[in-house]
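Asker:
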Amino acid sequence: MDNFIGFIGENFSNCVWLAVILVAMCPTLESKISIPLAMNTAIWSDNALQPLTAFLLSFFGSIIPCYLIILIIRKLKQKTTGFVINKFLQKYKFKGQAIQKQTSEFKKYVALTALVAVPLPLTGVWTGSLIAGLSNLNIHYAFISITIGALISSLAITLLCTVFQNSVSYIFIISLIILIVFMLGDLLFSMFKIKRHN
164 MDNFIGFIGE
174 NFSNCVWLAV
184 ILVAMCPTLE
194 SKISIPLAMN
204 TAIWSDNALQ
214 PLTAFLLSFF
224 GSIIPCYLII
234 LIIRKLKQKT
244 TGFVINKFLQ
254 KYKFKGQAIQ
264 KQTSEFKKYV
274 ALTALVAVPL
284 PLTGVWTGSL
294 IAGLSNLNIH
304 YAFISITIGA
314 LISSLAITLL
324 CTVFQNSVSY
334 IFIISLIILI
344 VFMLGDLLFS
354 MFKIKRHN
């Protein structure tokens, strides 16, 4: 943890905005990590960003890869025999089917927005974009839904960091720990499922 914080502090101290955008673009990290990172005075001292700047940079950074992810997944779906989709994107396919089961088109987009809006690991722009790519949703409406979800999520995290401004470092560390625990749990669950299936 100290190495990660030290690396960021040393290499991005003069361009905090770039670090925030790059972290916001990363899968699973997104605004959940980039906003507490941007406002963290323990890392940036006087260069820490104000809440509005942190919110805007994180929000725009998180939606940058969205359209591209949807297009790549759609191309993979068309050009491959299904191996990539079935083996590597199975859990997203399952979530996508849950969204597709909604009775009306409007409810499908609302469900996609809600999935992206929840600021937890394994939700967010990347997950929403993968699901939109795997489903038959209209790409433009899906992008709008994901953008609204990212806006809600970024607002919620910014409000949390603003209300508990003295504890932003703790929020950052707790967010990273939760993220690691979720990812390890997901990995173990996937390994257990594969072992049980064999």
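Our numbering applies: residue 164 is where the sequence shown begins, and numbers increase by one.
Heads up, the beta-carbon is just placed ideally off N, CA and C, and yes, glycines get one too.
The structure presented is a predicted model; accordingly, all values stated were derived computationally and were not measured.
List in chain order: all unbroken alpha helix (DSSP H) runs of 4+ residues lying wholly within the region 261-313.
Answerer: The region 261-313 contains these whole alpha helix (DSSP H) runs: 268-280, 288-297.
Asker: Are the CB atoms of G296 and L275 within a distance shorter than 8 Å?
Answerer: No.
Asker: Give the DSSP-derived three-state secondary structure of P214 in the structure shown.
Answerer: If DSSP states are grouped into helix, strand and coil, P214 belongs with the helices.
Asker: When you compare the CB positions of A305 and I226, do they come within less than 8 Å of one another, or not?
Answerer: No.
Asker: Where does K242 land, buried or exposed, given buried means 16+ other C-beta within 10 angstroms?
Answerer: Exposed, since its Cβ has fewer than 16 Cβ neighbours within 10 Å.
Asker: Locate the alpha helix (DSSP H) running through I130, then write down its first and last residues.
Answerer: No answer is possible for residue 130: the residues shown for the chain start at 164 and end at 361.
Asker: Reducing DSSP to helix, strand and coil, say where C189 ends up.
Answerer: Reduced to three states, the DSSP call for C189 is coil.
Asker: Measuring CA to CA, which of F218, T325, W180, K270 is closest to W207?
Answerer: Answer by Cα proximity: W180.
Asker: Skipping 5 residues on each side, what residues in its chain have a beta carbon closer than 7 Å to that of I144?
Answerer: The question about residue 144 has no answer, for the chain in this structure spans 164 to 361.
Asker: If you draw a straight line from the C-alpha of Y272 to the C-alpha of D209, how long is it?
Answerer: For Y272 and D209, the distance between alpha carbons rounds to 41 Å.
Asker: With a threshold of 7 Å on Cβ separation, who are the neighbours of T310 within its own chain once the five nearest residues in sequence on each side are excluded?
Answerer: Hits under 7 Å: I226.
Asker: Roughly how many angstroms separate the alpha carbons of G348 and T204, rounded to a whole number?
Answerer: In a straight line, the C-alpha of G348 is about 31 Å away from that of T204.
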